[in-house]
Structure formats: structure tokens, C-alpha cells
Amino acid sequence: EKTVKRCLLDTFKHTDEEFLKQASSQKPAWKDGSTATCVLAVDNILYIANLGDSRAILCRYNEESQKHAALSLSKEHNPTQYEERMRIQKAGGNVRDGRVLGVLEVSRSIGDGQYKRCGVTSVPDIRRCQLTPNDRFILLACDGLFKVFTPEEAVNFILSCLEVRNLTRGWWLSQLCLSFQRSRSSETPFPPIVGQPLCPFAV
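What the sequence shown shows, in the working numbering, is residues 41 to 243, in sequence order.
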């Protein structure tokens, strides 16, 4: 387990360093950044590493209630959280209107080089989850999806598509994107990723 976590930490660190190197070599320099969510399956254990406000949601069937639940596997990072704000302030930055320096919505990210000196970090939060026979799929998506749909709504939409056997995964993902665009005037992109099945005995 320690090896897996070290691998994930090193991967995020290397990705951030390479992105910042590429960004600084451009003229004008890139000022972009990104959230990140990564899921690594080792046998029946999921390791979830994330930073920023993209999320990982697990669909698990509850035998007692006979309903599917949407379980959050990740932790969102924003500057209003106490530990995040303290780190930013300790580095000389500040939080205004819920944002780093009044601009950046997240407190951890890949890139965003101009905010790294203000306490924004690329160190991910890492969690562990044991898979069960009742796990159907995992949904990875950025905050744009969850500003329009609750995790439960997104999970139920995917479940309804899975029940129609002749639908391709590409089709129902496109319908999820279309539903998002119709419900929101912003053009914020949010390509979702759905992994299924999660284990050999998943339905």
C-alpha cells in the first residue's frame, strides 16, 4: 500500500513539474491549470488520488434498501476549507471571496504556476476503497457536471442507460453531456469517464 501511495504522489508531482516546465517555455507563458482525479485498481482495492474539485463517485447497490447509492470517493479542495486556507496564508497568500487571491477557485491543482508560491499545491488527497460484489461502476467528472446534477442524478442516469443493453457507452455518455449543456448556459467542458464493471463478479 505504501508503494502504491508513493507511486501516486510521485506521478502527480512529476506531472505538475512537466506541465509547469512546458507552460513556462511558451511565449506568452501558459497560465492554465487543471484539477485531477485518478483511480488505480489493485485486485479488489481502489486507490483514489485527487486534487481540486473534480470527483470520483462509486455506484454501489444496497441490498437492504434495494437501491443504488452514490458514494463519494474523493475530497474536494477549495480555499475556504480551514486546512487549505491555513496553508495558503502560511505561504503568504490570501483567500478573498472564497478564492486564492480572489481568483483561483481551487486550492490544489496541476499547473497554475503563478499561484504555487501562494500555497496552491499539487499534492493529492489519497483514499482507499475495497470493492464489493455490489459495485456497478465509478464515475469521474469535473465540478461542471456536479454543478448541474447531484451525484445521485448522474448515477441514476447512467443506470437507466445500462439497463438498455443495446446502447453503447459512447451514446449514453454523449446524452449525459447533452443534458448538461441544455441545463447550463456556460460552455465549461466536462468530459466524464465511467469505468464498468469494477470487478469480475460485478453485474
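Glycine is no exception: its CB is placed at the ideal position from the N, C-alpha and C atoms.
Around the CB of alanine 181, 16 or more other CB atoms lie within 10 Å, so the residue is classed as buried. If you look at histidine 108, you'll find it in the beta strand (DSSP E) that goes 107-112. About 7 Å separates the beta carbons of isoleucine 198 and leucine 179, which is inside the 8 Å limit, making them a contact pair. Residue environment for arginine 176: buried (at least 16 other C-beta atoms within 10 angstroms of its C-beta).
The distance from the Cβ of serine 74 to that of isoleucine 97 is about 19 Å, inconsistent with a contact at the 8 Å cut-off. Short of 6 Å from the beta carbon of phenylalanine 189, and not among the five residues preceding or following it, lies no beta carbon of its own chain.
By the C-beta criterion, the segment 55-66 is judged not to be in contact with the segment 123-143, since fewer than 3 inter-stretch pairs fall below 8 Å. In this chain, the alpha helix (DSSP H) harbouring asparagine 196 covers 191-202.
By a beta-carbon distance limit of 8 Å, arginine 95 contacts threonine 77. Their separation comes to about 7 Å.
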